[in-house]
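**Student:** Protein sequence lines, in the order shown, are assigned to chains U and C. Residue numbers are given in full-length UniProt numbering: position 87 of the first sequence equals residue 87, and the series is strictly consecutive. Residue numbers are given in full-length UniProt numbering: position 375 of the second sequence equals residue 375, and the series is strictly consecutive. Backbone N, C-alpha and C fix where the C-beta goes; we use that ideal spot for every residue, glycine too.
Number of protein chains: 2
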Amino acid sequence: AAWALPGAPRPCCGEGKPRTGRPQKRGRGQGRLVPGCVHPHPAHCVGAEGRRVINAEKSEFNEDQATCCQISIRRRELGLEEDKEWLILCSTQFLTGYYWALFDGHGGPSAAVIASNYLHYCIKQKLEEVAGAITEARPPMHVSGRCVCDSDPQFVEEKHIRVEDMVVGALENAFQECDEVIGQEMEATGQTGGCTALAALYLQGKLYVANAGDSRAILVLKDTIVPMSCEFTPETERQRLQHLAFLFPKLLDGEFTRFEFPRRLKGDDVGQKVLYRDYFMEGWGYKLVEKADLKYPLVHGHGKQARLLGTLAVSRGLGDHQLKVIDTNIEVKPFLSCIPKVNVFDFALHDIKENDVLIMATDGLWDILCNKEVAHMARSFLAENRTDPHRFSELAKCLVRRARGKKIGHQWMLDDSREASYDDISVFVVPLHNRDEDC
Amino acid sequence: AAWALPGAPRPCCGEGKPRTGRPQKRGRGQGRLVPGCVHPHPAHCVGAEGRRVINAEKSEFNEDQATCCQISIRRRELGLEEDKEWLILCSTQFLTGYYWALFDGHGGPSAAVIASNYLHYCIKQKLEEVAGAITEARPPMHVSGRCVCDSDPQFVEEKHIRVEDMVVGALENAFQECDEVIGQEMEATGQTGGCTALAALYLQGKLYVANAGDSRAILVLKDTIVPMSCEFTPETERQRLQHLAFLFPKLLDGEFTRFEFPRRLKGDDVGQKVLYRDYFMEGWGYKLVEKADLKYPLVHGHGKQARLLGTLAVSRGLGDHQLKVIDTNIEVKPFLSCIPKVNVFDFALHDIKENDVLIMATDGLWDILCNKEVAHMARSFLAENRTDPHRFSELAKCLVRRARGKKIGHQWMLDDSREASYDDISVFVVPLHNRDEDC
Chain U
1 AAWALPGAPR
11 PCCGEGKPRT
21 GRPQKRGRGQ
31 GRLVPGCVHP
41 HPAHCVGAEG
51 RRVINAEKSE
61 FNEDQATCCQ
71 ISIRRRELGL
81 EEDKEWLILC
91 STQFLTGYYW
101 ALFDGHGGPS
111 AAVIASNYLH
121 YCIKQKLEEV
131 AGAITEARPP
141 MHVSGRCVCD
151 SDPQFVEEKH
161 IRVEDMVVGA
171 LENAFQECDE
181 VIGQEMEATG
191 QTGGCTALAA
201 LYLQGKLYVA
211 NAGDSRAILV
221 LKDTIVPMSC
231 EFTPETERQR
241 LQHLAFLFPK
251 LLDGEFTRFE
261 FPRRLKGDDV
271 GQKVLYRDYF
281 MEGWGYKLVE
291 KADLKYPLVH
301 GHGKQARLLG
311 TLAVSRGLGD
321 HQLKVIDTNI
331 EVKPFLSCIP
341 KVNVFDFALH
351 DIKENDVLIM
361 ATDGLWDILC
371 NKEVAHMARS
381 FLAENRTDPH
391 RFSELAKCLV
401 RRARGKKIGH
411 QWMLDDSREA
421 SYDDISVFVV
431 PLHNRDEDC
Chain C
1 AAWALPGAPR
11 PCCGEGKPRT
21 GRPQKRGRGQ
31 GRLVPGCVHP
41 HPAHCVGAEG
51 RRVINAEKSE
61 FNEDQATCCQ
71 ISIRRRELGL
81 EEDKEWLILC
91 STQFLTGYYW
101 ALFDGHGGPS
111 AAVIASNYLH
121 YCIKQKLEEV
131 AGAITEARPP
141 MHVSGRCVCD
151 SDPQFVEEKH
161 IRVEDMVVGA
171 LENAFQECDE
181 VIGQEMEATG
191 QTGGCTALAA
201 LYLQGKLYVA
211 NAGDSRAILV
221 LKDTIVPMSC
231 EFTPETERQR
241 LQHLAFLFPK
251 LLDGEFTRFE
261 FPRRLKGDDV
271 GQKVLYRDYF
281 MEGWGYKLVE
291 KADLKYPLVH
301 GHGKQARLLG
311 TLAVSRGLGD
321 HQLKVIDTNI
331 EVKPFLSCIP
341 KVNVFDFALH
351 DIKENDVLIM
361 ATDGLWDILC
371 NKEVAHMARS
381 FLAENRTDPH
391 RFSELAKCLV
401 RRARGKKIGH
411 QWMLDDSREA
421 SYDDISVFVV
431 PLHNRDEDC
């Protein structure tokens, strides 16, 4: 099953505390592309189009969730009480942001559903806390704007603190708060699981992409591809994970070894010197194998098979507060980070062309297609369909279809007869031209 | 005072365990450039030329130390006992590396002196431990080359483990071992202090640059500058330092705050919301100031004034095992890392021209001159002095002189009437053309 966002613009979401939703069951068709919105809350934005396919019809629930919406940021006057809120509503002191986010759940869709309902609300809150600062040329030392020390503006300038740093800080704090809320909500309702989170925010002429997990966002411009995120997996974060295990060996409860080896060691390796890496090594060395090295490694496997504590394929994301390694008391959460890496793209520094787009997708797409292939498809598709008002939406559909492949017998196959993606696939294609007029 | 390495080649150092040396007193001249070798051990290599100036005549001892030498790597056969060592000596299984290193001491020259005498020995040892692997096309799973598991070569290939990763691992392990030895040696002899370490190793057609501290190495090629190191300071490593303080708050003993603020806070700031960053933030936010935030910050100050625990200007290096924050029981060492970041440059992938050079220097040079200025000076000086056999040595001298400036009254001034470097300045200029014939 796949879905499309309705074309009509709606002004806003993220006002008031959202409820958590229930995941929708997937469509029952054989690989049909069925349009329809999976979200129980308003989530629409002109110019953003998404498509997805659920586990190539293999699972009951879609673990991918998506949100797109406007975020209206009110300027909170310091000391203004709640009952004077109508004053703010009347004011013209509004900033409007545009938000797209993908959440790839694991261990069930619950965390992804809560995150898709809640993260934009956290972001809105955190942006409102710094709204006074981000409408200035440079953020003031005190949010009130009052100077305690005459040279405060100089201190801020010396540290090169810019408006965009406040937005980055707000996104980092929002992810952390959202993770806490997910933990509370899931404990209260007895739900389990976690999700990755990839969020894009367009605000004041800049695009912010915050990523915690293995989804990916790229800008496909006329002459270049700009990666806007990097993946956080047990492999890419090996050193952080190993270092934590070195600092707190109890976290492994004697069941795992923090050392990395090219393969799981066995009895015959004891007494031999084998290739290994410890937390401080980017290079490799040889280690004399002891019996303790035969334990299961903290990070094990390679590529898509890489696992943290034999359990998780990602090292950052939201949720998983209760997750334990199967048949043990070992908690996975201490090793997970909910903090995103935020990348910023300043449109003022680039000449954006008609067919330039932001493409966001969960790993289901990127496991099958590399950046170059996606960029090539995007450029040729958009050039061939210049007059189609739905061409961005059609491109998203086209990308999903390509990664899902075709069902031949019992298998899903790609055109080049490689096996297709068996994962959920979600794609956003966001046009970048005429942003401010469109939004 | 400044020094020059003698021009005549000497084959090797780093054989046998070196003794630790005593620092030499600086020359007494008023800014004279006095050639002479400061090293109590042989440290010479054809084609590498160094010059330095000691604190612009301000301090008793030079805290900068330097070493350059050949490193001969014997292949140790597994199970070969010590008394059969003559067999190895007779063998042709030798690898020769070329080594240049700069050490910038603080709190006295002792750590820098020990490191300059010992690091190349550690590197030699660690390289010999993997010598069997680095002469193969791909490192074997077992150092013995024996296969415990038939698909071992595949596992190694899947992990993309290359010969250069073994050299990187050897360098990382060598720094760590050298740091341990410095700790033991200095405790035994009642000496104190620490040093940065920047080491370059040319081996098997590749240049490895390992850096722990704020020295810098760049390649100045005909059309481009290749940075071969990055600096590790309390500012560049803020997040690592703050994270450690978050994980182990006791390390701050209630005397410091881990939060970063644009300036030291004061009583008037309490109750206000001021700009801050925590360990997980690359961006900035506002924090409601409490009394505890008035404590001295873990990382404080900006640029050259930035300090870790109000004490150290670098966050990586060797030594400082005994260092405590003045008037407290707070140890600095837990926050320091002795692990270098290693960058690799493969000469096989580049067409090296006659005037291409590696330039290594302590922060005394880079505080005054940026990469571009140094590259410009190098290119024009070497082009103008093409026939001078000492031109690389003269260029090193020239760079030192430029950063030291001229004494005008009581001040050392640059040509553009900025204040000159008051720090020690050490520079290596290493020609890259015809490497294998020269060495």
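Round the Cβ separation of C:C338 and C:A212 to the nearest angstrom and send it over; I've been treating them as touching at under 8 angstroms.
**Tutor:** Here residue 338 of chain C is taken as the residue at index 338 of the second sequence, counted from 1. Here residue 212 of chain C is taken as the residue at index 212 of the second sequence, counted from 1. 6 angstroms between Cβ atoms; contact.
**Student:** Is the region 304-324 of chain U in contact with the region 244-261 of chain C, if contact means three or more CB pairs nearer than 8 angstroms?
**Tutor:** No: the two stretches stay apart, fewer than three of their Cβ pairs being nearer than 8 angstroms.
**Student:** Distance, Cα to Cα, U:L190 vs C:E136?
**Tutor:** On the first sequence, residue 190 of chain U is found 190 positions in, with the first residue counted as 1. On the second sequence, residue 136 of chain C is found 136 positions in, with the first residue counted as 1. It is Gly, not Leu, that sits at residue 190 of chain U in the sequence shown. If you take the alpha carbons of U:G190 and C:E136, they lie about 55 angstroms apart.
**Student:** Any Cβ of chain C within less than 8 angstroms of the Cβ of U:M228?
**Tutor:** As a working note, residue 228 of chain U is residue 228 in the first sequence. So no, U:M228 is outside the interface.
**Student:** Which one or two residues does DSSP pair with U:P227 in a beta bridge?
**Tutor:** By one-based count along the first sequence, residue 227 of chain U stands at place 227. Per DSSP, U:I218.
**Student:** Between the Cα of C:H350 and those of C:L432, C:G145, C:L265 and C:P153, spot the shortest distance and give me the residue it belongs to.
**Tutor:** Here residue 350 of chain C refers to the residue found at position 350 when the second sequence is read from its first residue. Answer by Cα proximity: C:L432.
**Student:** State the beta-bridge partners of C:N211 as determined by DSSP.
**Tutor:** Taking the first residue of the second sequence as position 1, residue 211 of chain C is located at position 211. According to DSSP, which records beta bridges pairwise, C:N211 is partnered with C:L198 and C:K341.
**Student:** When you compare only the Cα positions, how much space is there between U:G310 and U:E255?
**Tutor:** On the first sequence, residue 310 of chain U is found 310 positions in, with the first residue counted as 1. On the first sequence, residue 255 of chain U is found 255 positions in, with the first residue counted as 1. Their Cα atoms are separated by approximately 11 angstroms.
**Student:** Name the two residues that bound the continuous alpha helix (DSSP H) containing U:Y121.
**Tutor:** For the purposes of this step, residue 121 of chain U is identified with residue 121 of the first sequence, where counting begins at 1. From DSSP, the alpha helix (DSSP H) with U:Y121 extends over S110 to E129.
**Student:** Exposed or buried, which one is C:G405 when buried takes at least 16 other CB atoms within 10 Å?
**Tutor:** Stepping through the second sequence from its first residue, residue 405 of chain C is reached at position 405. C:G405 comes out buried.
**Student:** Determine which residues share a DSSP beta bridge with C:K287 and list them.
**Tutor:** In the second sequence, the residue the question calls residue 287 of chain C occupies position 287. Paired residues: C:V274.
**Student:** From which residue to which residue does the beta strand (DSSP E) around U:P153 run?
**Tutor:** Taking the first residue of the first sequence as position 1, residue 153 of chain U is located at position 153. It is not in any beta strand (DSSP E) - U:P153 instead sits in the alpha helix (DSSP H) that spans D152 to E158.
**Student:** Are the region 295-304 of chain U and the region 163-179 of chain U touching, with three or more C-beta to C-beta distances below 8 angstroms?
**Tutor:** Touching, no.
**Student:** Which stretch, first to last residue, makes up the alpha helix (DSSP H) that contains C:F246?
**Tutor:** Here residue 246 of chain C is taken as the residue at index 246 of the second sequence, counted from 1. From DSSP, the alpha helix (DSSP H) with C:F246 extends over R238 to L247.
**Student:** Three-state secondary structure (DSSP) at C:D424?
**Tutor:** Here residue 424 of chain C is taken as the residue at index 424 of the second sequence, counted from 1. In the structure shown, C:D424 sits in coil (DSSP, three-state: anything other than H, G, I, E or B).
**Student:** My understanding is that C:L241 touches C:P234, with C-beta atoms under 8 angstroms, so please give their C-beta distance in whole angstroms.
**Tutor:** For this step, residue 241 of chain C is matched to residue 241 along the second sequence. For this step, residue 234 of chain C is matched to residue 234 along the second sequence. About 7 angstroms; that satisfies the 8 angstroms criterion.
**Student:** In the DSSP assignment, find the alpha helix (DSSP H) that holds U:F381 and state where it starts and stops.
**Tutor:** Your numbering for residue 381 of chain U matches position 381 in the first sequence. N371 to E384 is the span of the alpha helix (DSSP H), which, as asked, contains U:F381.
**Student:** Beta carbons nearer than 9 angstroms to chain U: which residues of the region 301-317 of chain C have them?
**Tutor:** Listed by position along the chain: H302 and G303.
**Student:** Report yes or no: do three or more beta-carbon pairs, one from the region 182-201 of chain U and one from the region 140-160 of chain U, lie closer than 8 angstroms?
**Tutor:** Verdict: no, contact absent.
**Student:** Does the beta-carbon distance from C:E172 to U:G364 come in below 8 angstroms?
**Tutor:** Within the second sequence, the letter at position 172 stands for residue 172 of chain C. Within the first sequence, the letter at position 364 stands for residue 364 of chain U. Not in contact: C:E172 and U:G364 (Cβ atoms no closer than 8 angstroms).
**Student:** How long is the line joining the alpha carbons of C:K407 and C:A420, rounded to whole angstroms?
**Tutor:** Counted from its first residue, the second sequence places residue 407 of chain C at position 407. Counted from its first residue, the second sequence places residue 420 of chain C at position 420. Going from the Cα of C:K407 to the Cα of C:A420 covers about 9 angstroms.
**Student:** Report the CB separation of C:Y208 from C:Y98 in whole angstroms; it is logged as a contact under 8 angstroms.
**Tutor:** The residue given as residue 208 of chain C occupies position 208 in the second sequence. The residue given as residue 98 of chain C occupies position 98 in the second sequence. Rounded, the Cβ-Cβ distance is 11 angstroms, inconsistent with contact.
**Student:** Whether or not the region 122-135 of chain U and the region 173-184 of chain U are in contact is what I'm after, with contact meaning three or more pairs of Cβ atoms, one per stretch, closer than 8 angstroms; do they touch?
**Tutor:** The answer is yes - the region 122-135 of chain U touches the region 173-184 of chain U, with three or more Cβ pairs under 8 angstroms.
**Student:** For a test of the three-state rule: what should DSSP assign to C:F94, helix, strand or coil?
**Tutor:** Working through the second sequence from its first residue, we reach residue 94 of chain C at position 94. DSSP places C:F94 in strand when its eight states are reduced to three.
**Student:** Does the beta-carbon of U:H106, which I'm using as the reference point, lie nearer than 7 angstroms to any heavy atom of the ligand ATP?
**Tutor:** The model depicted lacks the ligand ATP and carries no ligand whatsoever.
**Student:** Got a sec? Which residues, its chain only, sit under 7 angstroms from C:M413 by beta carbon, not counting five neighbours each side?
**Tutor:** Taking the second sequence and counting its residues from 1, one reaches residue 413 of chain C at position 413. Closer than 7 angstroms at Cβ, skipping near neighbours: G405, K406, E419 and A420.
**Student:** Say whether chain U places a C-beta atom closer than 8 angstroms to the C-beta of C:N343.
**Tutor:** Position 343 of the second sequence, counted from the first residue, corresponds to residue 343 of chain C. No, C:N343 lies away from the interface with chain U (no Cβ there is under 8 angstroms from its Cβ).
**Student:** Under 8 angstroms, Cβ to Cβ, is there at least one residue of chain U near C:P297?
**Tutor:** Counting from 1 along the second sequence, the entry for residue 297 of chain C is found at position 297. No - not a single Cβ of chain U is within 8 angstroms of the one on C:P297.
**Student:** In chain C, which residues lie with their C-beta within 9 angstroms of the C-beta of U:A170?
**Tutor:** Here residue 170 of chain U corresponds to residue number 170 of the first sequence, with the count starting at 1. In chain order: G283 and G285.
**Student:** Nearest-angstrom Cα distance between C:H39 and C:P109?
**Tutor:** Residue mapping note: residue 39 of chain C aligns to position 39 of the second sequence, counting from 1. Residue mapping note: residue 109 of chain C aligns to position 109 of the second sequence, counting from 1. Any answer about C:H39 is weak, because its pLDDT of 30 lies below 50 and its placement is not dependable; what the coordinates show is given next. Roughly 13 angstroms between the two C-alpha positions.
**Student:** Identify whether U:L308 lies in helix, strand or coil by the three-state DSSP scheme.
**Tutor:** Taking the first residue of the first sequence as 1, we reach residue 308 of chain U at position 308. In this structure, U:L308 counts as strand in the three-state DSSP scheme.
**Student:** Quick check on this structure: which residue in U:G271, U:A111, U:R75 and U:S116 has the alpha carbon closest to the alpha carbon of U:W100?
**Tutor:** For the purposes of this step, residue 100 of chain U is taken as residue 100 along the first sequence, with counting starting at 1. That would be U:S116, whose Cα lies nearest to the Cα of U:W100.
**Student:** To the nearest angstrom, how far is the alpha carbon of C:C37 from that of U:I330?
**Tutor:** Counted from its first residue, the second sequence places residue 37 of chain C at position 37. Counted from its first residue, the first sequence places residue 330 of chain U at position 330. Only weak support exists for where C:C37 lies, its pLDDT of 26 falling under 50; the coordinates are left without a value.
**Student:** Against chain C, which members of the region 264-281 of chain U pass a CB distance test of less than 8 angstroms?
**Tutor:** Residues passing the 8 angstroms Cβ filter: K266, D268, D269, Q272, K273, V274, L275, R277, F280 and M281.
**Student:** Quickly, what does DSSP pair C:H350 with across the bridge? List them, please.
**Tutor:** Start at 1 with the first residue of the second sequence, and residue 350 of chain C comes out as number 350. According to DSSP, which records beta bridges pairwise, C:H350 is partnered with nothing at all.
**Student:** Pull up the CB-CB distance for C:L288 and U:V156, whole angstroms please, since I reckon it's below 8 angstroms.
**Tutor:** Within the second sequence, numbered from 1, the residue matching residue 288 of chain C stands at position 288. Within the first sequence, numbered from 1, the residue matching residue 156 of chain U stands at position 156. With 8 angstroms as the limit, C:L288 and U:V156 do not qualify as a contact, their Cβ atoms being about 18 angstroms apart.
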